[in-house]
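Position one of the sequence shown corresponds to residue 63 (this note's numbering), numbered consecutively onward. Structure first, then comments.
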Amino acid sequence: FNMADKKIVDIRPPQPKGGEPEIEEKETVKPEPRFSFPKISPPSIRVPRVSKLFFLLPLLLTGGLVAYFTLGDARIEIWPQMNPLLLETKITVDKAVESPDAEQKVVPGASFEETKSVSGEFSASGKKTVESKAGGVIRVYNNSSVSQTLIQNTRFQPPLEKFEGSLQENEKPWFKSKSRITISPKSFQDVEVVADSPGEKYNIKPSKFSIPGLVGSAQYTLVYGESFQAFSGGEKKEFSQVLAKDLDSAKEELSQKSKTEGANALQAKMQSTGHLFLIDAVKAELLDDSSSVQSGEVSARFTSSVTAKSSILAPEYNDLDELVGSLLSVKLPTGKEMAESSLTTDYTLFSLDKNLSKMVLSVKSSVNTFSPLDEPSLKASLAGKSLEEAGKILEKQEGLEKIKIHLWPFWLQSIPKSVEKIKFEVNLTGLDS
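Below is the structure:
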């Protein structure tokens, strides 16, 4: 304790009765010295603390014992050896039956239909050249003193500069009369003419014409022609033409598209109803087709449309699973079980009736089989055994591929004696990594 902190009170001992009264001496106030002695505190005595671990250790030991006897358990993971069981067979789907028949290998079937109309625009692949000859009227003058007769197809030739564009070798620079005419002396007569070749070059403006057939005679300068209006109608162009193969190709493309859309609609519907969908089992029937043009027409593009019905016969997955399971069970060896999660089955179309009343499926199925554990007997043999002993016991078990032992709490080194504390976990999905 600290003397400097103790309050000091001076008290006289009590006096006997009748004696002098008790007198309290008051503390005399002395002047404070100009210096002071250092205060001296007695040394403190430290009592060592007891470690908390001393108190926790019994609790930990007690908790461990309780956990060992009440909470301890063993979890044993087991991977059985797997052996595949294969099945290859044919299954008939029949609209006439109502339930699966394992002996006859038959399941019921249901019909589904979808109608789809599709259209599209297509390009023409053909080419067609459209040709026409220019024509007009020429007034023929006869300035001679005798009549002049011109036979049909008499040639009339204008100056070459009247033609817009150079004439090709096979294009002659003249027009021919459509009829025979006779022109009286000092008179004229109109005659219709047509160009020798087709094309826009012969659409010439008003011109004078000579008659090549009169060359070398006096009539050549006396008989001539003249037009007063431009010739027209001459044309030579290439256009796109729709061919029969274009229409057939468009029809085939739209038919396939209609079948695809119909099949997709059937698949979506059958997924919701739990039926097997096979694209090869879809039958498409063309109901109608049309086109905006006919074969041979001049057009760069055209539209076509098709309406088709898609139909299918399909069994339910539940019926197929039931039948396949029954057929596999017949082949299952004695003392074996099937790992149902490993079951895989492939269905392909073998045959199909035209009226979609019956079809045959080729079936290939595979499932893993294993030997089941005799858990009561194995638990009894493992109870109370050390990890090493338990491992040897499990290694001697036939049909086991891999084993893992998990003990809790972590410090346990032996299997609990209570079989209720032993749990098996059988892994049927294969070895983990």
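All residues carry an ideal CB built from backbone N, CA and C; glycine is no exception.
Run the CB neighbour count on residue i, radius 10 Å, all protein chains shown included, and call it buried at 16 or more, exposed below.
i	result
S352	exposed
L148	exposed
K441	buried
E378	buried
P471	exposed
L414	buried
E487	exposed
P146	exposed
E450	exposed
A280	exposed
A196	buried
P83	At P83 the pLDDT is 41, less than 50, meaning the model places this residue with poor confidence; the figure from the coordinates comes in the next sentence. With fewer than 16 other Cβ atoms within 10 Å, it is exposed.
A186	buried
I213	exposed
E87	With a pLDDT of 41 at E87, under the threshold of 50, the modelled position of that residue is not reliable, and the figure given next carries that caveat. Exposed, since its Cβ has fewer than 16 Cβ neighbours within 10 Å.
S427	buried
Q333	exposed
E176	buried
S372	buried
G198	buried
K483	buried
I374	buried
S403	exposed
S161	exposed
Provide the residue(s) that pair with residue i in DSSP beta bridges, ordered along the chain.
i	result
E183	T365
E297	S194
M400	T431
V255	G198 and S239
Q219	S272
Q210	I245
N204	S249 and V285
M421	V155 and L414
P471	Partner(s): none; P471 has no beta bridge.
V360	Q303
T406	S428
N145	T431
Residue i and residue j look like a contact to me (Cβ under 8 Å); what is the Cβ gap, rounded to whole Å?
i	j	result
A376	G171	6 Å
K238	V255	6 Å
E463	P142	6 Å
K447	S476	6 Å
Q329	K190	Not really, about 44 Å apart at Cβ, beyond 8 Å.
E297	S194	5 Å
D135	K485	7 Å
If distances are taken between C-alpha atoms only, which option among the options comes closest to residue i?
i	options	result
A501	I465, L423, K331 and N430	This structure does not reach residue 501, given that the chain is present from 63 up to 495, and the question cannot be answered.
A164	T151, S367, A158 and T211	T151
F250	L305, P274, Y203 and T244	Y203
L490	L435, H468, I484 and L474	L435
L284	S366, S419 and V208	V208
S367	N215, Q281, A330 and K313	K313
G275	K466, L394 and Q210	Q210
G336	I245, K178, Q214 and L382	L382
I341	K371, D135 and T410	T410
P235	I245, T244, R217 and I243	R217
S269	E288, F174, A346 and M144	E288
T406	K298, G397 and L390	L390
A257	P247, I245, Y282 and N215	N215
S272	P260, Y286, G261 and G278	Y286
V481	V392, A158, S439 and W473	S439
G453	S206, Q318 and L444	L444
T322	L338, L305, K345 and D308	K345
F174	K157, R363, E460 and Q219	K157
G423	I455, V386, P221 and K466	In the sequence as presented, Gly is not what sits at residue 423; that position holds Leu. Taking only the C-alpha atoms, the option nearest L423 is V386.
V277	K485, Q219, E384 and Q166	Q219
S241	I200, E231 and L474	I200
F225	L338, I465 and S259	S259
V169	S246, G461, M421 and I455	M421
V425	K167, E139 and D135	K167
Should the stretch 258–270 be called in touch with the stretch 280–298, which here means at least 3 C-beta pairs below 8 Å?
-> Two segments are said to touch when three or more pairs of C-beta atoms, one from each, lie closer than 8 Å; by this definition the stretch 258–270 touches the stretch 280–298.
Three or more C-beta pairs closer than 8 Å, one from the stretch 354–367 and one from the stretch 182–202: is that the case here?
-> Between the stretch 354–367 and the stretch 182–202, the count of C-beta pairs closer than 8 Å reaches three or more; the two stretches touch.
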